[in-house]
Amino acid sequence: DIYSIEDLAQLVDELKTANPSVRVSVKVPVVPGIGTIAVGIAKSGADIITLSGYDGGTGAARTHALKHVGLPSDIGVVEAHRALVAAG
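This is the structure in structure tokens:
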């Protein structure tokens with residue numbers, strides 16, 4: 086399980102150590118503060134960040150979570166982009 090950016094960085098490092106040519110992708114929901122989260126993911130060494138808006142759920146999600154949780158993808162993309170550009 087991943088509880089922090091440090092945990093994520095360790096997992097990314099382990100994956101890249103096991104296979105140096107691998108590209109690591111991290112999928113996260115669009116929630117308030119997604120910009121800060123995206124910067125942390127980038128700093129962890131992940132190559133791809135996939136943002137999942139409120140309309141994109143997982144098969145394991147509860148019914149109410151599929152329709153009533155999260156923010157629209159376009160808001161998340163704008164916030165994440167601004168934060169990533171500001172962080173360099």
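In our numbering, the protein residues as written are 86 to 173.
We put the beta carbon where it would ideally sit given N, CA and C, even for glycine.
Nothing here was measured: the structure is a model prediction, and the numbers come from that model.
(request) Measure the Cβ-Cβ separation of L82 and V115 and say whether it is below 8 Å. (result) In the structure as shown, the chain begins at 86 and stops at 173. Residue 82 is therefore absent and cannot be evaluated.
(message) Can you check which of these residues, Y88, V109, A131 and A123, is closest to R167 by C-alpha distance?
(response) Looking up residue 167 in the sequence shown gives position 82. It is A123 whose Cα lies nearest to the Cα of R167.
(message) Using 8 Å as the threshold, is the C-beta distance between G130 and V163 below it?
(response) Reading the sequence shown from its first residue, position 45 is the one you call residue 130. Reading the sequence shown from its first residue, position 78 is the one you call residue 163. Their beta carbons are not under 8 Å apart, which means G130 does not touch V163 by this criterion.
(request) State buried or exposed for I133, treating a residue as buried only when at least 16 other CB atoms are found within 10 Å of its CB. (result) Stepping through the sequence shown from its first residue, residue 133 is reached at position 48. Looking at its Cβ environment, which holds fewer than 16 other Cβ atoms inside 10 Å, I133 is exposed.
(message) One question on the structure: do S110 and T135 come within less than 8 Å of each other, judged by their Cβ atoms?
(response) Here residue 110 refers to the residue found at position 25 when the sequence shown is read from its first residue. Here residue 135 refers to the residue found at position 50 when the sequence shown is read from its first residue. In contact: S110 and T135 (Cβ atoms closer than 8 Å).
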